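So in this note's numbering the end of the sequence shown lands on 332, straight run, no missing numbers. Virtual Cβ for every residue (Gly too), placed ideally from N, Cα, C. Quick caveat, the model's predicted, so the values are computed rather than measured. These notes are about the structure you will find just below.
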Amino acid sequence: MKFITRLASRSCQTILANSTRSLIQRQVVPASRIISSMRSFSSSSPRFLGGAHDSHLSKVLQEELSYEEDSVTDSSTEFISAFLEKTGFEINSVTGEHYVTMKKNFGDETLIVRFSINEISNKVDESYENEEHTDESGENVSKSENDDVDSDEPTDFPVNFNFTVYKPNSPSLVFDLTADEGSIEINQISVANNYKPGLDIDIQGEMSRQSIYFGPNFSELSENLKEAVEAFLDDRGINTGLSVFMQDYIEYKEQNEYVNWLKQFGSFFKK
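The following block contains the structure:
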């Protein structure tokens with residue numbers, strides 16, 4: 062009986078060993094076959110060289126860039142230097158950024174004007190709305206029919222901007238203003254303590270400004286107080302001259318930024 066048990070045990074071990082060897086032999090793939098499969102995959106898979114329309118887009122960008130560079134009739138910066146010399150402002154404008162900061166000293170005060178060239182979208186939106194209008198007879202008149210009427214008129218669009226007056230050991234005054242048609246409209250006046258609002262352009266500075274109490278609506282103040290505030294701003298150069306300069310500078314910088322954008326966009330497709 063013991064002999065039969067040992068015989069059965071040996072038979073089971075032999076069968077198990079043979080089955081295991083057979084299973085391993087079936088699962089192991091020869092290295093030559095793996096290498097052959099990899100070569101086949103490499104030779105049959107197409108190499109990615111970009112989209113089918115990339116070359117067309119690159120060409121259109123170059124054509125647009127050439128057109129913009131050739132069509133610029135006046136890229137003079139004399140109006141900038143003339144304004145800065147007259148007012149004493151310094152201007153900080155970084156290529157690729159839409160914010161523009163102007164700064165000057167006024168006694169023991171630091172004055173900061175901050176605006177964005179994105180304000181030119183106000184001009185674009187207004188032009189789009191006026192592209193078709195109705196004449197006195199009720200008929201629609203296209204813009205092209207009236208181009209000769211206002212083509213020589215100076216362009217005008219509202220510019221929203223901030224003006225900050227900072228003085229050591231005193232609260233900072235932050236004015237929310239709009240320059241439109243040569244005049245300055247005062248929207249609100251905020252009073253801030255313990256930091257320099259308008260000097261910080263990072264996210265933290267922006268959040269700090271958002272947390273300030275904006276102050277009352279300027280239109281609700283008494284006439285005497287409004288006139289006194291307007292005189293305060295005029296003494297510091299917040300006037301018609303600044304309004305016109307900001308509009309001119311926004312158009313000047315926006316054109317340069319657009320040309321730079323075309324160049325940067327086109328460089329994406331260069332090897």
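Item, Value
"Beta-carbon spacing of F329, F144 below 7 Å", "no"
"Euclidean distance between Cα positions of L122 and H159", "22 Å"
"Delimiting residues of the alpha helix (DSSP H) encompassing E151", "Where E151 is concerned, there is no enclosing alpha helix (DSSP H), although the beta strand (DSSP E) it sits in stretches over E151 to S154."
"Coil, strand or helix - Y160 by DSSP", "strand"
"C-alpha distance - V323 paired with N221, whole-angstrom precision", "Just to set this straight, residue 323 is Leu in the shown sequence, not Val. Going from the Cα of L323 to the Cα of N221 covers about 27 Å."
"Whether T225 touches I173 by CB criterion (7 Å)", "yes"
"Strand pairing of S251, partner residues [DSSP]", "V235"
"Simplified DSSP state of V133, which is helix, strand or coil", "coil"
"Buried or exposed (CB count within 10 angstroms, at least 16 for buried), Q325", "exposed"
"Identified DSSP bridge partners for K331", "In the DSSP output, where bridge partners are listed per residue, K331 has none listed."
"Sufficient close CB pairs (3 or more, under 8 Å) joining the region 148 to 159 to the region 282 to 294", "no"
"Backbone secondary structure at Y227 - three-state DSSP", "strand"
"Spatially closest choice to D335 from K331, N166 and E139, by CA coordinates", "The question about residue 335 has no answer, for the chain in this structure spans 62 to 332."
"Span separating the alpha-carbon of T195 from that of T239", "Legend: pLDDT at T195 = 47, less than 50; position of this residue unreliable, no value from coordinates given."
"Run of the alpha helix (DSSP H) containing E170, from where it starts to where it stops", "Segment E170 to S177 is the beta strand (DSSP E) holding E170; no alpha helix (DSSP H) there."
"6 Å Cβ shell around E206 - same chain, five flanking residues per side excluded", "Low local confidence applies: a pLDDT of 45 at E206 is under 50, so the model's placement there is unreliable, with the coordinate-based value given in what follows. Nothing meets the Cβ criterion."
"Cα-Cα separation between I152 and E284, rounded to whole angstroms", "34 Å"
"Sub-7 Å separation of S304 and G276 beta-carbons", "no"
"Whole-angstrom C-beta distance between P229 and N254, which should lie under 8 Å", "Not a contact, Cβ separation roughly 13 Å."
"Paired residues, beta bridge with A240 - DSSP", "V220 and I245"
"V235 classed as buried or exposed, judged by whether at least 16 other C-beta atoms fall within 10 angstroms", "buried"
"Boundaries (first-last residue) of the alpha helix (DSSP H) holding N285", "E284 to D296"
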